[in-house]
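Numbering (the working numbering), first residue to last: 1250 to 1404.
Quick look at the structure:
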């Protein structure tokens, strides 16, 4: 099934907090980002049910950045994340942009693979980006420490 993705006004985004809560950041940080007027918020629906969300900072000067992207836990692995990414890539093209960045934790191996499958390539490492997370957390036995930045370029 296909998702329907629509832009949501920043002042009406509170309902997205639960789906975005899987991010390693706290609720206050997510809430502040949702209210940030430089961010554009999208919700994706499947048969009238919230299936996913994305928050992106579109830049006039390249590149734009995906700040958050999430799919409802019970819908993961069904291709909906790829549909959201494809929507954002098409929106990038519509806005006459050229590139899109996304960052993920060095230990988020599934995320790194997912973005590469969507056409992103590794671009940079932001060392100690996640040092603010205390106590430190780990995935796959790897401590979250650095941010891996991946880049998608329109051809």
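Cβ atoms here follow ideal geometry from the backbone N, Cα and C, with glycine treated the same way.
Computed from a prediction, not measured in an experiment: that's the story for all the values here.
- Counting along the chain, the unbroken alpha helix (DSSP H) around residue 1364 starts and ends at 1358 to 1366.
- Segment contact: the stretch 1297 to 1312 against the stretch 1330 to 1341, three or more CB-CB distances shorter than 8 Å; contact assigned.
- Looking at the DSSP output, residue 1317 bridges to 1304.
- Between the stretch 1340 to 1360 and the stretch 1387 to 1394, the count of C-beta pairs closer than 8 Å reaches three or more; the two stretches touch.
- For residue 1279, same chain residues with a beta-carbon under 8 Å away, outside a window of 5 residues either side, are 1266, 1269, 1270, 1272, 1317 in chain order.
- Here the C-alpha atom of residue 1290 lies approximately 7 Å from the C-alpha atom of residue 1283.
- Residue 1400 and residue 1348 do touch by the CB rule: their CB atoms are close to 6 Å apart, below 8 Å.
- In the structure shown, the three-state DSSP call for residue 1287 is coil.
- The criterion of a C-beta distance shorter than 9 Å is satisfied by residue 1350 and residue 1398.
- Looking at the DSSP output, residue 1401 shares a beta bridge with 1349.
- Going by DSSP, residue 1374 is part of the beta strand (DSSP E) stretching over 1370 to 1375.
- For residue 1333, the uninterrupted alpha helix (DSSP H) segment begins and ends at 1329 to 1343.
- In this structure, the CA atom of residue 1404 is about 11 Å from the CA atom of residue 1368.
- If you check the CB distance, residue 1341 and residue 1372 do not come in under 9 Å.
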